[in-house]
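K.L.:
Before we start, here is the structure in question, set down as structure tokens.
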Amino acid sequence: MRSGACTVQQTLTAEAASILKHSLSLARRRGHAQVTPLHVAATLLSTRASLLRRACLKSQQPQLSSSHPLQCRALELCFNVALNRLPTAPGPILHGQPSLSNALVAALKRAQAHQRRGCIEQQQSQQPILTIKVELEQLIISILDDPSVSRVMREAGFSSTVVKANIEDSSSSPSSVFQCYNTTSGSGGVFSSPCSPSQTHFLSYEQNPFFFSPSKKLLTNYIPDSASLKQDIKLVFEVLLRKNKRRNSVIVGDCVSTTESLVSELTSRVEKGDVPDEMKHVRFLKFYFSPMSLKFMKREDVEKHVCDLKRRVDSIVAEGGAIIYTGDLKWTVVEEGEINGYNAADHLVTELGRLISDYYMSNKVWLVATASYQTYLRCQMRQPPLEVQWALQAVSVPTGGLSLSLHASSCHDTKMVFSEMEKKQFEHERLTCCAECSSNYEKDVQSFKSSGGLPPWMHVHGSNNSDSQK
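Numbering (UniProt numbering), first residue to last: 1 to 470.
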């Protein structure tokens with residue numbers, strides 16, 4: 001059955017595989033033993049720039065004077081109810097992957113058959129089966145053909161037939177992002193395979209809390225296997241080497257260990273030179289702050305940090321290129337960070353945006369960041385959205401990586417305990433100080449303790465610490 005999982009991955013483009021990854025993650029969160037077409041449809045609908053969402057809105061325009069994203073709320077509700085009706089596993093699926101249901105496997109086979117037929121018609125030549133991959137639009141159409149999905153659409157007042165027609169119309173229009181490319185032409189899109197899209201809007205996945213069950217949230221710390229890590233790293237490099245504007249990457253994942261593993265691998269490859277030829281002389285620059293430190297940062301501090309960064313980038317670009325790593329984007333959405341009308345986080349975001357814009361034409365400066373789904377959603381809610389200011393393209397790596405196993409994996413797949421994850425999160429939140437400040441802080445603490453200046457409410461805590469040290 002392992003070969004079956006491999007075959008599933010080989011029949012999908014990067015965009016379709018990304019959606020399927022999130023569907024698997026959604027099923028696991030909800031405690032479902034199988035991934036069904038309902039999970040895929042719910043995932044497709046929860047993406048802000050989703051082709052399915054746009055097609056649904058377009059299908060309502062003849063009846064409504066104007067379209068609005070809230071018109072899809074009834075459809076989201078119906079899918080949520082349908083998912084709630086699905087049977088859950090007796091216990092949480094902590095160590096295994098949900099399997100693909102027969103209905104979903106049938107939908108994937110339909111999509112592959114349609115894709116193969118369409119490619120042959122457009123390119124007028126028979127290609128090897130394995131080189132023809134299912135692109136996202138064919139996956140959506142096949143999912144809409146599923147009876148359970150059609151029933152939910154009908155309950156919400158949408159017609160699957162009309163929505164499918166809208167998707168087919170948009171894909172056949174000259175301005176559509178879905179265009180067929182020949183692999184030998186070298187002119188395809190970033191994730192170009194035969195009949196793959198030239199742009200990858202659907203990698204920008206946004207976790208919709210509406211389909212997220214907090215009670216089912218997994219507290220596992222998954223370390224991706226080498227195969228999935230290679231796939232995800234390849235995806236990151238493909239985004240960085242794009243020729244269009246959105247070529248900076250934000251790695252969005254379920255947990256800290258998933259994104260950190262990918263960043264560590266990226267850093268290691270850059271240092272060893274194990275990168276594409278266009279990035280052989282690139283250096284990795286870390287430039288990020290904890291949310292706490294930003295709260296106390298003044299305007300002159302921000303300008304000093306930005307000037308230092310520009311100076312370093314200028315010197316590096318003269319010899320090669322630079323990847324600016326901004327860490328977890330949580331610092332960009334600090335709440336109550338404004339002091340006397342000044343917000344250091346907003347100022348820093350603006351300055352970084354200008355820096356990226358200044359080096360856009362050089363193709364020598366990139367930006368990489370990480371974020372949880374919740375953080376990335378808040379970044380999109382900024383005005384203007386962070387993905388616009390920094391020309392970001394999301395690369396989603398949910399727990400489990402690209403593996404779409406047809407049955408559960410071994411319980412040994414989970415290699416890190418949750419306590420280590422908590423420790424890393426705590427360390428990341430600590431205030432970052434220079435060596436001199438840290439030394440002075442330790443001296444002040446020791447003198448304060450020895451002088452007996454602890455307030456009354458801390459006496460018990462202090463004595464407990466002393467006892468524990470003895």
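Backbone N, C-alpha and C fix where the C-beta goes; we use that ideal spot for every residue, glycine too.
Just so we're clear, the structure is a prediction, and the values are computed from it rather than from any experiment.
Report the rounded CA-to-CA distance for S257 versus V162, giving the unit in angstroms.
P.N.:
Cα to Cα, the separation comes out at about 42 Å.
K.L.:
Could you check if D444 is buried or exposed, using at least 16 other CB atoms within 10 Å of its CB as the buried criterion?
P.N.:
Counting Cβ neighbours within 10 Å, D444 comes out exposed, since fewer than 16 surround it.
K.L.:
What first and last residue would you give for the alpha helix (DSSP H) that runs through Q389?
P.N.:
Unbroken alpha helix (DSSP H) run through Q389: L386 to Q389.
K.L.:
Mind checking A27: buried by the 16 CB within 10 Å criterion, or exposed?
P.N.:
Result: buried.
K.L.:
Are three or more beta carbon pairs between the segment 141 to 155 and the segment 36 to 55 nearer than 8 Å?
P.N.:
Yes, since at least three Cβ pairs between the segment 141 to 155 and the segment 36 to 55 fall closer than 8 Å, the two stretches touch.
K.L.:
Mind checking whether E135 and A16 have CB atoms under 9 Å apart?
P.N.:
In contact: E135 and A16 (Cβ atoms closer than 9 Å).
K.L.:
Per DSSP, G253 is paired with what?
P.N.:
Answer is S372 and V397.
K.L.:
Contact check, I323 vs W366 under 8 Å by CB: the rounded distance?
P.N.:
That belief holds up - the Cβ atoms of I323 and W366 are roughly 5 Å apart, short of 8 Å.
K.L.:
Thinking C-beta only, is M153 closer than 9 Å to C78?
P.N.:
Yes.
K.L.:
Helix, strand or coil for K286 per DSSP?
P.N.:
Strand.
K.L.:
Within the continuous beta strand (DSSP E) that includes G320, where are the two ends?
P.N.:
Element bounds for G320: n/a, residue is neither H nor E.
K.L.:
Could you check what DSSP says for G273 in three-state terms: helix, strand or coil?
P.N.:
Three-state DSSP puts G273 in coil, outside helix and strand.
K.L.:
Could you check what DSSP says for D308 in three-state terms: helix, strand or coil?
P.N.:
Helix.
K.L.:
With burial defined as no fewer than 16 other Cβ atoms inside 10 Å of the residue's Cβ, what is the status of Q60: buried or exposed?
P.N.:
So Q60 counts as buried.
K.L.:
With distances taken Cα to Cα, identify the nearest neighbour of M292 among M279, L24, V333 and R311.
P.N.:
The shortest C-alpha separation from M292 is found at V333.
K.L.:
Is L241 near V306, with beta carbons less than 9 Å apart?
P.N.:
No, Cβ-Cβ distance for L241 and V306 is not below 9 Å.
K.L.:
When you compare the CB positions of V250 and Y373, do they come within less than 9 Å of one another, or not?
P.N.:
The answer is no: Cβ separation not under 9 Å.
K.L.:
Report buried or exposed for D169, applying the criterion of at least 16 other Cβ atoms within 10 angstroms of its Cβ.
P.N.:
The residue is exposed, with fewer than 16 neighbouring Cβ atoms inside 10 Å.
K.L.:
Check whether the Cβ atoms of F287 and L352 lie closer than 9 Å to each other.
P.N.:
For F287 and L352, yes; Cβs fall inside 9 Å.
K.L.:
Return the chain-ordered list of same chain residues with a C-beta closer than 6 Å to the C-beta of Q138, the five sequence neighbours on each side being excluded.
P.N.:
Cβ neighbours of Q138 beyond the five flanking positions: A111, H114 and Q115.
K.L.:
Who are V365's beta bridge partners in DSSP?
P.N.:
V365 is bridged to A322.
K.L.:
Taking 8 Å as the cut-off, does the CB of L77 come closer than this to any heavy atom belonging to the ligand GTP?
P.N.:
Absent from the structure shown: the ligand GTP. Ligands present: none.
K.L.:
Locate the alpha helix (DSSP H) running through R28, then write down its first and last residues.
P.N.:
From DSSP, the alpha helix (DSSP H) with R28 extends over A14 to R30.
K.L.:
Rounded to the nearest angstrom, what separates K295 and S268 at their Cα positions?
P.N.:
Approximately 32 Å between the Cα atoms of the pair.
K.L.:
State the Cα-Cα distance for the pair A344 and W331, rounded to the nearest angstrom.
P.N.:
Roughly 10 Å between the two C-alpha positions.
K.L.:
May I ask which residues mark the beginning and end of the alpha helix (DSSP H) holding T43?
P.N.:
It spans P37 to L45 - the alpha helix (DSSP H) in which T43 sits, taken as one unbroken run.
K.L.:
For G353, name the three-state secondary structure that DSSP assigns.
P.N.:
Helix.
K.L.:
Taking R30 and T88 to be in contact with their CB atoms under 8 Å, please state how far apart those CB atoms are, rounded to whole angstroms.
P.N.:
Contact flag correct, Cβ pair sits at about 7 Å.
K.L.:
Does the distance from the CB of S396 to the CB of H32 come in under 9 Å?
P.N.:
Going by C-beta atoms, S396 is not nearer than 9 Å to H32.
K.L.:
Does Y342 come out as helix, strand or coil in the three-state DSSP assignment?
P.N.:
Reduced to three states, the DSSP call for Y342 is strand.
K.L.:
With respect to the alpha helix (DSSP H) encompassing L241, which residues constitute its N-terminal and C-terminal limits?
P.N.:
It is not in any alpha helix (DSSP H) - L241 carries neither H nor E in the DSSP assignment.
K.L.:
May I have the straight-line CA-CA distance separating Y359 from M279, to the nearest angstrom?
P.N.:
Approximately 15 Å, taken between the alpha carbons.
K.L.:
Do you know how far the Cα of A318 is from the Cα of K364?
P.N.:
Cα-Cα distance, rounded: 9 Å.
K.L.:
Tell me the rounded alpha-carbon separation between R382 and L392.
P.N.:
Distance between the alpha carbons of R382 and L392: 13 Å.
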